[in-house]
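In the working numbering, the protein residues as written are 5 to 189.
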Amino acid sequence: MKRRTFLAGIMAAPFAWGEAARAREGAGNASLEDIRSNWKALLAPGADAELSTAPLVRSNADWKKILSDIQYRVLREEDTERAYTSPLDKETRPGVYVCAGCSLPLFSSRMKYDSGSGWPSFFTHIPGHLGTKKDHFLWFLSRTEYHCVRCGGHQGHVFDDGPPPTGERWCNNGVALRFIPYGAG
Ligand code: FE
């Protein structure tokens with residue numbers, strides 16, 4: 005009888021662990037869903053942001069007039085700013101991060117974390133506002149580059165060493181973003 009109880013116990017254990025894992029995952033997903041879908045709650049009323057993803061096309065000459073040299077190199081030529089140079093790396097106030105080229109919101113402060121990499125990092129992004137493509141920076145290695153869907157501006161690279169609940173690290177150039185603190189108007 006005791007042996008049967010023991011066997012029933014070890015038989016049941018994997019299901020119990022499975023249930024616990026599903027419960028944790030469920031809670032994580034609900035929270036992530038909330039963070040991803042309710043980002044507008046962090047957008048300051050009257051903020052200078054563009055909510056349409058309709059493509060914005062400008063000539064390189066026009067971009068050069070609008071952007072600083074480093075912004076142009078990062079956004080239009082896929083360059084990378086030096087690590088630890090952006091004040092946005094340590095920005096922790098509530099608000100929304102928009103594309104420095106076209107003002108489309110890309111991340112909210114609830115998506116941000118300190119990765120220690122020296123670049124502003126996020127574990128997810130505003131749905132539908134970023135596009136990805138493979139970036140073959142050496143013949144045997146590739147990274148996933150991502151860009152703003154409205155102006156096509158290069159933002160950064162996404163890696164799979166981020167924190168829960170996504171495990172993603174959206175590693176962004178600070179100069180490619182403009183931060184709008186909540187309540188700044
Ligand atoms: Fe943009």
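Ideal placement from N, C-alpha and C gives every residue a C-beta, glycine not left out.
These numbers come from a predicted model, not from an experiment.
Can you have a look at residue i and say buried or exposed, based on whether 16 or more other CB atoms are within 10 angstroms of its CB?
i      : result
Arg173 : buried
Asn176 : buried
Trp43  : buried
Val153 : buried
Val61  : exposed
Ser90  : buried
Among the candidates the options, whose CA atom is the shortest distance from the CA of residue i?
i      : options                           : result
Ser107 : Thr89, Gly156, Phe163 and Gly120  : Gly156
His129 : Ile70, Gly160 and His140          : Gly160
Tyr76  : Ala51, Ala104 and Leu92           : Ala104
Leu46  : Ala87, Leu110 and Gly166          : Leu110
Glu82  : Arg97, Lys94 and Ile74            : Ile74
Asp165 : Tyr117, Trp67 and Lys94           : Tyr117
Ser41  : Gly122, Trp143, Gly135 and Met115 : Met115
Measure the beta-carbon distance from residue i to residue j and round it to whole angstroms, keeping in mind my assumption that it falls under 8 Å.
i      : j      : result
His158 : Leu79  : 6 Å
Pro131 : Ser113 : Not a contact, Cβ separation roughly 16 Å.
Ser202 : Ala87  : It is not possible to answer for residue 202, since the shown part of the chain is limited to 5 through 189.
Give every residue of the same chain whose Cβ lies closer than 7 Å to the Cβ of residue i, excluding the five residues on either side of it in the sequence, and list them in chain order.
i      : result
Arg147 : Asp139, Phe141 and His161
Leu92  : Pro124, Gly178, Leu181 and Phe183
Glu85  : Ile74, Val78, Asn177, Gly178 and Val179
Is residue i near the ligand FE, in the sense that its beta carbon is under 8 Å from a heavy atom of that ligand?
i     : result
Leu71 : no
Leu60 : yes
Take residue i and list the residues in its own chain whose beta-carbon comes closer than 6 Å to its own, dropping the five residues that flank it on each side.
i      : result
Tyr150 : Leu134, Thr136, Gln159 and Val162
Val100 : Leu46, Leu47, Pro109, Ser112 and Ile184
Gly187 : Ala48
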